[in-house]
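A.B. asks: Below: one structure in C-alpha cells.
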Amino acid sequence: MYATDPVCSQTCYNTMGSFTCGCMTGYVLRPDLRTCKAVGAYPTLLFANRIDIRQMSLSTSKYSLIAKGLHNAISLDYHYKQKLLFWSDVSTDKIKRSTLNGTNTTRSLAIVNSGLESPGGIAVDWIHNLIFWTDSGTKRVEVASLDGGHRAIIVASELDKPRAIVVHPGSAWVFWSDWGPNPKIERCEMDGSDRKRIITESVFWPNGLTIDYTDNMIYWADAKHNVIEVSALDGTSRRKVITKGLPHPFAISVFEDAIFWTDWHTKSITTANKVTGAGFKTLHARLHFPMDVRTFHPTRQPEFTNRCGASNGGCQDLCLPNRVSFSCVCRMGQQLNDDEKTCRQPDSFLLFTKKKDIRLLHLNDSHQHQNQMVLPLENVKNAAAIAWDSARNYIFWSDVATKTINRAFWNGSDHVVIAHTNIFNPKGLAFDWVSDNLYWTDADASKIEVSNSNGSVRSLLIWENVDKPGDITLDPRSGFMIWADWGADIRIERAFMDGNSRKTLVYQDLSTPSGLTVDKSSKLYWTDADLSCISFINLDGSGRGILLTGASIPKPYALDIYQDHIYWADWMGKTIERANKFTGKDRTVLVKNVPDVMGIKIFHRTRKQMISPCLAKAGCSHLCLLKQLRGNEHTCACPTGVKLMQDGTTCTNSPLNYLIMAHRMDIRQISLDVPYMADVVLPIHKLKMATSVDVDRKTGDIYWTDTSEDSIQKSSPNGTNRATILTTEIMAPEGIAIDSTGRKIYWTDGERNSIEVSELDGTNRKVLFNHGIYNPRAITLHYHHGLMFWSDWGAEQPKIEVANMDGTRRKILISQNISWPNGLAIDRAEGRLYWNDAKRHTIESSDLDGKHRKVVMTGNPHPYGLVVVGSHIYWTDWKERGLFRADKETGLHVTGIRLGLEGLMDVRSVQNDNIAENACGDHNGGLTLSKAHPNQCVSPPRAFLLVGAKNSLIQINFDDDDDAGWDITLPVKDDMQNVIDIDFHYKKKLIFYSDINRNIIQRVDMTNLSDVRTVVSQNLSSPDGISVDWLANNIYWTNTGNRAIEVARLDGSHRKTILSELDDPRSLVCNPKGFLFWSDWDREHPRIERCQLDGTERKPIVTEGVAFPIGLTIDFAQRLLYWVDAKLLNERIESCDFHGHTRSTLEIQKTLPFSLAQYREWLYWTDWNQNCIMRAEKTKGREKAVLRSLRSVTGLAMVGEERQLFWNPCAVNNGNCTHLCFFKRTTYTCGCPDETTTACKTGEEFNLLGKNTAADA
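Each position in the sequence shown, counted from 1, maps to that position plus 53 in the working numbering.
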C-alpha cells in the first residue's frame, strides 16, 4: 500500500552479509519480508468531528456514527479491552465516557464535570486504567481513574497552554505539548516526577502527539510550521517526515507503517508512510470540523507490565506508576498518611472562590499532587462569598450570577441550593456555628437576611437604613454581626445577631471595605482595595490601625484569619498571601497567577464549641437568633412576612393579610402584617405561565390559571396538596376569581370566549356566557351583592360587564372610552369598581352601576393586575416591571413596592375579614350540583352532546333553552390515544368509541366510568366509523384498513362481516328501522351507499358531486341523512332523504367540519379549522354560532332518550335469534357470526306486514 524505506519497519537482525526483518508481538511479516502487518481485528479510525464521533475504514471513506449530538468534542481516546470510548468537550467543559458496542455507543456518562475550563487532550493508560488530560484554562495536567472517582494533579506549574497529550504505560511516561510563549513538548513520569523538556527548538504550534510503540518514537504535528516530525522519546534523533500539503494539521495517529492526521483547513483525514512521507492519500474529505483521530486496533494498546499489580499497589486511592515502581496518591482534598498508602481528610485547608469554581488549597507542602483542588461542583457561575461548618463538613457559598445561596460537603458532593428566590446580589455570607444559622447580604435589594442552615426557614433581618451591604462576618462569642456598606455613606456597621442595637464602627477613611473577619480576641480586620491597605479595629470602635499598606498590596480584597496568620487575595497581584496578623511580617505567597479571587476562608476543626441559648431552638417555633452568649440571650424570629405572636416564641403559619401575585414561573406573596414590604416566592414549583391567581379565604389554598398548560390548578401555600382542577375544554384561562363562601371557581377563557363556573374541585361545571363575548380577561366577584364583573378586550366593543353570579341580569357597565381593560378590583368599603386600561395608560373607577366614573391615574405604561387595599390601590405594570402603590382617591404618592420583575401578571389581596355567610347553607341549597349564585341552584340536564377529543371524552350538557351549559371531561379509566368516532346506547347507559391509534373499539358504562371494556380489538385496522343499533343491541363498524363493514353484539360477541371487498369505507350510521348508510372514499367513484342491516340490497344513493363524505348522521324525525364533504376549499354540509333524493346543501360558509350530530331543530358539527363545536339551524344552516371552543375534536354524538326511540321485533328476545337479529323494514332475519361453535338459527325471514311495526323507513 505504501512506498517503504529499504530497511525493516520494526526490527532488524544482522546476518552474514545481509539482514533479516522481524516484527513485534501482534504483527506478522508481510511477503515483502520488510514490513509488518497487525494481526487480529480489521483496523479502523476513530475521529472526533466536533458534533459527533465516527468510525471509518482505513481503505475507504465509509464511516459509521458511534456518538452523535455532541457539543464540541475535541479529543478522544479509548480502552480497547474494556470497550470504552472517552472524549473531551470544550463547550460543556466535561470529559465523557461511553461503552463501545460494536457499531455504536451506549449513553454517555460525564466522568469529569467540574474544575475544567478548557479540556484539550486526553490519553488513556490501558495498563493501569488511568486517564490523563490537559487543560489550557487551568494550566494543568491531571489524572483520574477511568470512572473519574479519584483525581489528582501531576503538573500545575510553568504551563501556559497545554494541548495534546499521550502516554507510554510501558515506560511510565506522559508527554504533552504546550502552545505558550515558549512552545515545547515535555514529559514526566506518570506520578509527575522527573519532568523534562524534550523539544524546545523550532517548534511553534505543536498540536497532535502520538507514539509508535513498536519502535518507541514520538510524532507531532506543528500547525504553524506546517510539518509533521518524529523523534525518540527523549527528543533525540529528531527529523521531519512530511513538510508539504499540511495547511493546518491538528491531530495524528500511527498504525503499522502509516501515519494519519486531520487538517482543519482542508477538513480532511489524510495518510502517508510514517518513515518517508510517501504514499500521500486523502481518506475522507468535506468533514464538518475534524479534530482528534485515533487508530483503533488491539496492537495500538500492547501489553506491558502493570507496575501497580492486581491490588492497585495497595493504594487506597490512585496508584500512579513511575520508572522504578509507583506512588500512592490521594484523591483531591485528602491527605496521605504516614504509611504512604492510605488517605485521611485534612484538619485544615484554605478555601477560595474564583468566580466559576471553588478551590481547596492545603496549608502544608506535603501534597504535591493536590495543588489547588477544584471542587467538583456544577453550575458555579460567579461564586462570591464563602463560609463553612466543620462539624458537618459543609461549605456554603453565594453565587451572584445564579443569585443563590448554596451548600455542599467540602469535597464537593451533595450540592444543594438552599435559597434561590428574591436574591439579587448576595455579596456577603457568614455562618453562625453556635446557633446553626446562615446570614447574607444583598447589595441590590438593600437588605440582610438570615436562615437556618438548610434554608427551610428564612427571615428578613435588616431592611431600613441600609444601602449596598457587602461583606459580612459574625462573632458569636460577643453576639455581634458586622457588615460593610458600599452605598452613599460608606461605612462598617455592627449589630447584635438579631439585628438590634446597630452601631457604626467605621465611617472615615473608607472606600471599598471588604474581607471582614474577626479573630479570637474579637478584633475586626478588613481590606480596602482602593486604599491598598489591611486595617483592624476593636468591636467597641477603639484601637483602629493599619496592618499593611502601600505598593506591596495594591488591591487586597478577600481576607481571613487562622491562628496567628492573616490570609488575603490581591486582585492586581493575582496572588494569595499569608503574613503574621500582629506585625504584617513573614509574608509568604501561597498561590501565584490566580485572578478573580472573591472570597477566602480557612476551614479548620479547632473552632471553640460553645453552649448556645438557641439549643433546640430555645422554644422558638421557627428561628432562634443569638443575641449575647454571655447573658444567654436570644431572640425568636419568624419567616419573612410572618408576625411573631405575643408570646415572643411562636409565629403564625402564614400572614393573615397579604397580597398575592402571579409571576408566570412563580407565585409570590407580600405580607401586610409586618412593617416592611417584601415578596416571598411560595414553594409552588414548575409553573409555566401563571397568569391569574386567587385564594380560598377559608382554607388558604391558592388557585391559579396557567395559559401555557391551559389549566386551572391549586396548591396549599407550602406547595403540598397540589392538584390540577381543570385541564380539558379550557383554552386560554385569563382570569380567575374564587367564591370562598359559595365554594366556587369563576373564570374567563379568552379563546373559548366564555365565562364559566364550577365547584372548587372542578365538578358541576357550567358555562354562564359564551355569546356576545369576544376576548374576556379579568374577573372579580362581589359576593355580598351577588355580582360578578368581567372585562372584555373585544376588538369591536371593548367593555366591562356585570351580572348576577348565577348568570342572570347581565348588562354592559362600561363601553365608552375604554380599550384594553385589564385588571378589575372592587372597593367594598366605598362601593366602587376600579379597572386599568393598558392602551389608554389609565387607572379608573366608577360606582358599581357604572356611574360617577373617575380617572384616578394617567401615564401608566402598561398596567395589568389591580387590587384595592384600604386607602391604596396596588397594580402591576408590564413595562415598568414591578408592583406599585398609590392613593386610591388621588393616585398620588406612587411607590414602587417590588421592581425588576419581568412578566408580573395578576395581583389580589387577602384580608382576613372578607368572608361572607354562605346563603345556600352547608348543603349547597340541598342539591349536589353547582350553585352559581347564593339564591339559585342548577338542575341536571336532560340531554348532552358527547364529544371525542382525541384522548378524552367530553360531555356538554344542555339547558332547557337548548343552549350549551356545563362542560365535563368524563373520567374514563382508559388510555385513549386517538378517539375518532363515538356512539351510545341510552337504555343500557353505554358509550362506545373507536380509537384508530390502538385499532380498538371500547365501551364504557355511563354509570360507572371505571368500567371500560374492549368490544373489538383483533383483526381491526382503522375503525373509522361506528354505529349502534339500540333495538337489536348490535354495533356496526367500518374496518377501513381491511375494506370491510362488520357487526357484532354490544359486547363484541358473534362478530360477522356483512360487506367485504369495499374500496375505502369510512363513516357509517345505522337506522334501526331498516337501513345502514356508509361513505366510501374510492378515488374513482367516491359515494354514499345504503344496505339492509344484514348487508343485503346494497345500493349507492349519492354518487355525484361528492369527494370525501364523512360524519354521517340521521334526522329520524324528518327521515333525512346528513353528511360532511371534506373536499379541500370546498367543505360543506349536505343532506338527502334515505333514497338519495331531495338533496340539499346547507348555507354554511368558512367552516371545516368533520363530525355531525342532530338534535331537534339544530345541527352540530366539529370544526377542525376553528378548533370548536358549531351549531346551526338544520334546514338552511342559518343562525350559525360557535357552541364551544375545543381542540382536536373528532367524534360527535347527541345523547338523549328521544334520539333512541321506536320498536322492532329484534328488541324482544333478540327476535328469538340465537346470535344476530337484523331488521329489514318489513321483515327481519337471523344471522350467524363468521366463526361459531354452537348451533346458529338462520336463513328464515319473518314477514311482519300487517303487524304493528314501525317499518316506515
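Beta carbons: idealized from backbone N, C-alpha and C, even for Gly.
Return the chain-ordered ranges of every beta strand (DSSP E) run that is complete within the region 1022-1053 and spans a minimum of 3 residues.
C.D. replies: If we require 3 residues or more, the beta strand (DSSP E) runs fully inside the region 1022-1053 come out as 1032-1038, 1043-1048.
A.B. asks: Please list the terminal residues of the continuous beta strand (DSSP E) segment that includes D391.
C.D. replies: It is not in any beta strand (DSSP E) - D391 carries neither H nor E in the DSSP assignment.
A.B. asks: Identify which residue in L813, R717, L840 has its Cα closest to the Cα of K751.
C.D. replies: If we check each option's Cα against that of K751, L813 comes out closest.
A.B. asks: What is the DSSP secondary structure of C1283, counted as helix, strand or coil?
C.D. replies: Looking at C1283 - three-state DSSP - the assignment turns out to be strand.
A.B. asks: Run through the DSSP bridge pairs and tell me what Q1145 is partnered with.
C.D. replies: DSSP output for Q1145 lists no bridge partner at all.
A.B. asks: Hey, how far is the Cα of I826 from the Cα of M784?
C.D. replies: Their backbone Cα atoms lie some 15 Å apart in a straight line.
A.B. asks: Classify R1256 as helix, strand or coil using the three-state DSSP reduction.
C.D. replies: Residue state, collapsed to three classes: helix.
A.B. asks: How is G935 classed by DSSP in three states: helix, strand or coil?
C.D. replies: It is a strand residue.
A.B. asks: Where are the beta strand (DSSP E) runs, 3 residues long or more, that stay fully inside the region 1223-1278, in chain order?
C.D. replies: List check, beta strand (DSSP E) in window: 1225-1230, 1238-1242, 1249-1252, 1273-1276.
A.B. asks: Helix, strand or coil for P1139? Go by DSSP, reduced to three states.
C.D. replies: In the structure shown, P1139 sits in coil (DSSP, three-state: anything other than H, G, I, E or B).
A.B. asks: So, is P708 buried or exposed, given that buried needs 16 or more other C-beta atoms within 10 angstroms?
C.D. replies: Looking at its Cβ environment, which holds 16 or more other Cβ atoms inside 10 Å, P708 is buried.
A.B. asks: Under the rule that 16 or more other beta-carbon atoms within 10 Å means buried, what is P222, buried or exposed?
C.D. replies: Classification for P222: buried.
A.B. asks: Around the Cβ of Y95, are there at least 16 other Cβ atoms within 10 angstroms (buried) or fewer (exposed)?
C.D. replies: Y95 comes out exposed.
A.B. asks: How big is the Cα-Cα spacing for K864 and E854?
C.D. replies: The alpha-carbon atoms of K864 and E854 are separated by roughly 6 Å.
A.B. asks: What residue range is occupied by the uninterrupted beta strand (DSSP E) comprising W579?
C.D. replies: Per DSSP, W579 belongs to the beta strand (DSSP E) from 576-581.
A.B. asks: Whose CA, out of F313, G847, Q388, L1209, lies closest to the CA of G1078?
C.D. replies: Nearest of F313, G847, Q388, L1209 to G1078, Cα basis: L1209.
A.B. asks: What does the Cβ neighbour count give for V923, buried or exposed, with the cut at 16 atoms within 10 Å?
C.D. replies: According to the sequence as given, residue 923 is Gly; it is not Val. Classification of G923: exposed, given that the 10 Å Cβ count is below 16.
A.B. asks: Does L676 come out as helix, strand or coil in the three-state DSSP assignment?
C.D. replies: In this structure, L676 counts as strand in the three-state DSSP scheme.
A.B. asks: With DSSP as the reference, label R1185 as helix, strand or coil.
C.D. replies: It is a strand residue.
A.B. asks: Using three-state DSSP, classify H838 as helix, strand or coil.
C.D. replies: Looking at H838 - three-state DSSP - the assignment turns out to be helix.
A.B. asks: Figure out for me which residue from K134, N125, Y133, N154 has the closest Cα to the Cα of W140.
C.D. replies: Ranking K134, N125, Y133, N154 by Cα distance to W140 puts N125 first.
A.B. asks: Look at the Cβ atom of G168, then the Cβ atom of V427, and state whether they are nearer than 8 Å.
C.D. replies: In this structure, V427 lies closer than 8 Å to G168 by Cβ.
A.B. asks: Buried or exposed for E211, please, with buried defined as at least 16 other CB atoms from any protein chain shown within 10 angstroms of its CB.
C.D. replies: Burial call: exposed.
A.B. asks: Considering only the alpha carbon of each residue, which of N260, S764, G860 lies closest to F822?
C.D. replies: Nearest option by C-alpha distance: G860.
A.B. asks: Work out the CA separation of E517 and N913 for me, nearest whole Å.
C.D. replies: Distance between the alpha carbons of N913 and E517 is about 28 Å.
A.B. asks: Just how far apart, CA to CA, sit K984 and K797?
C.D. replies: Its pLDDT being 36, under 50, K984 is placed unreliably by the model, and nothing is read from it.
A.B. asks: Taking C-beta to C-beta, are N1124 and L1103 nearer than 8 Å?
C.D. replies: Result no, Cβ atoms of N1124 and L1103 do not sit closer than 8 Å.
A.B. asks: Which value, in whole angstroms, describes the spacing of the CA atoms of F277 and V328?
C.D. replies: Reading off the sequence, residue 277 comes out as Lys, not Phe. Looking at the two C-alpha atoms, the distance is approximately 22 Å.
A.B. asks: With a threshold of 8 Å on Cβ separation, who are the neighbours of D617 within its own chain once the five nearest residues in sequence on each side are excluded?
C.D. replies: Here the set comprises N633, K634, F635.
A.B. asks: Assuming R250 contacts E239 (C-beta within less than 8 Å), just tell me the rounded distance between them.
C.D. replies: Indeed, because the Cβ distance is near 5 Å, the residues count as touching under 8 Å.
A.B. asks: For T191, does the count of other Cβ atoms within 10 angstroms reach 16, so buried, or fall short, so exposed?
C.D. replies: T191 should be labelled buried.
A.B. asks: Would P374 be called buried (16 or more neighbouring beta carbons within 10 Å of its own) or exposed?
C.D. replies: P374 is buried by the Cβ-count criterion.
A.B. asks: Where does T752 fall in DSSP's three states?
C.D. replies: DSSP places T752 in coil when its eight states are reduced to three.
A.B. asks: Leaving out the 5 sequence neighbours to the left and right, which residues in its chain are closer than 8 Å to Y917 when beta-carbon positions are compared?
C.D. replies: Correct list, in chain order: N875, G876, N889, A891, W928, T929, D930, W931, L957, M958, D959.
A.B. asks: So is E970 buried or exposed if we call it buried at 16+ other beta carbons inside 10 Å?
C.D. replies: Confidence in E970 is poor, its pLDDT being 49 and thus under 50, which makes the residue's placement too unreliable to answer from.
A.B. asks: Do I322 and A274 count as a contact pair if the criterion is CB distance below 8 Å?
C.D. replies: Not a contact, by the Cβ cut-off of 8 Å.
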